[in-house]
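Student: Going by UniProt numbering, the sequence shown opens with residue 1, and the numbers climb by one from there. Have a look at this one before I ask anything.
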Amino acid sequence: MKFFIDTANLQQIKEAQDLGVLDGVTTNPSLMAKEGITGEPNIINHYKAICDIVDGDVSAEVISTDFDNIVREGEALAKLNDKIVVKVPMIKEGVKAIKHFSSQGIKTNCTLVFSSGQALLAAKAGATYVSPFIGRLDDVSTDGLGLIEDIRLIYDNYNYETQILAASIRHVTHIIECAKIGADVMTGPLSAILGLLKHPLTDNGLAQFLADHAKAAGK
Ligand code: E4P
């Protein structure tokens, strides 16, 4: 399973990269705004800075909603760095743009996916990644993990190469359940990634080992 971090915060991206388990980054306009990144030159420079930190794919989201401008924006983003994946919303013009990018060899991430029908369309258009938002589905009392299961089944039925990128991950259980289902990628906050480290028996066991070692050494 690939681990992407879902943030535009450079410090958090560095921390995840330093851990040695990071495969990529996803951003969106809200995450960029949260870091105070506004205006085209700053946004472009920020994507370049993220690409300098990570080894893997970096999703950069278009803000246009019509085909011509999604293509113009996406092509400019893709030229920044080979790591850039153009993130396109699941709308009619977005599907057409994903098909276009796919024919040009430009990687895409189809975002704002909330149903298996949308995921099927994204795969047919040739998206590199599809991003079902499981946390936001859970927020409205809908089974987010059930959607990952359905998409896995559909994609396996037809050997679609589109990778399932479980997005809007909120916690460790989401990551584990997505891994059990067979999501190709998960993107989540640093807290969820670091949460995987934690178990009280590990902490207690280590404290005991160190105490026993110190006692035996006469410290
Ligand atoms: C990732 O690609 C999405 O933009 C992100 O996971 C959305 O997460 P949220 O529901 O926590 O905003």
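Backbone N, C-alpha and C define an ideal beta-carbon position, used for all residues, glycine too.
Distance, Cα to Cα, residue 86 vs residue 74?
Tutor: Mapped onto the sequence shown, residue 86 falls at position 86. Mapped onto the sequence shown, residue 74 falls at position 74. Using only the alpha carbons, I get a separation of about 6 Å.
Student: If you draw a straight line from the alpha carbon of residue 77 to that of residue 32, how long is it in whole angstroms?
Tutor: Taking the first residue of the sequence shown as 1, we reach residue 77 at position 77. Taking the first residue of the sequence shown as 1, we reach residue 32 at position 32. Roughly 15 Å separates the two Cα atoms.
Student: Please list the terminal residues of the continuous alpha helix (DSSP H) segment that includes residue 144.
Tutor: Within the sequence shown, residue 144 is the residue found at index 144, counting from 1. Residue 144 -> alpha helix (DSSP H) spans 144-158.
Student: Which residues share a DSSP beta bridge with residue 186?
Tutor: The residue labelled residue 186 in the question sits at position 186 within the sequence shown. 3 and 166, per the DSSP bridge assignment.
Student: According to DSSP, what are the bridge partners of residue 132?
Tutor: Locating residue 132 in the sequence shown gives position 132, counting from the first residue. DSSP, once it has assigned bridges, lists 113 as partnering residue 132.
Student: Within 10 angstroms of the Cβ of residue 101, are there 16 or more other Cβ atoms? Answer buried if so, exposed if not.
Tutor: Residue numbering aside, residue 101 sits at position 101 when the sequence shown is read from its first letter. When all chains shown are included, residue 101 counts as buried.
Student: Would residue 36 be called buried (16 or more neighbouring beta carbons within 10 Å of its own) or exposed?
Tutor: For the purposes of this step, residue 36 is identified with residue 36 of the sequence shown, where counting begins at 1. Exposed is the call here.
Student: Go to residue 34, then tell me how far its beta strand (DSSP E) extends in each direction, as first and last residue.
Tutor: The sequence position of residue 34 within the sequence shown is 34, counting from 1. No beta strand (DSSP E) contains residue 34, which is instead part of the alpha helix (DSSP H) from 29-34.
Student: Helix, strand or coil: which one does DSSP assign to residue 58?
Tutor: Within the sequence shown, the letter at position 58 stands for residue 58. Strand, per DSSP.
Student: Below 7 Å, is the gap between the Cβ of residue 162 and the nearest heavy atom of the ligand E4P?
Tutor: As a working mapping, residue 162 is identified with position 162 in the sequence shown. Outside the cutoff, so no.
Student: Ends of the beta strand (DSSP E) at residue 84?
Tutor: Against the sequence shown, residue 84 aligns to sequence position 84. Here the beta strand (DSSP E) through residue 84 covers 84-89.
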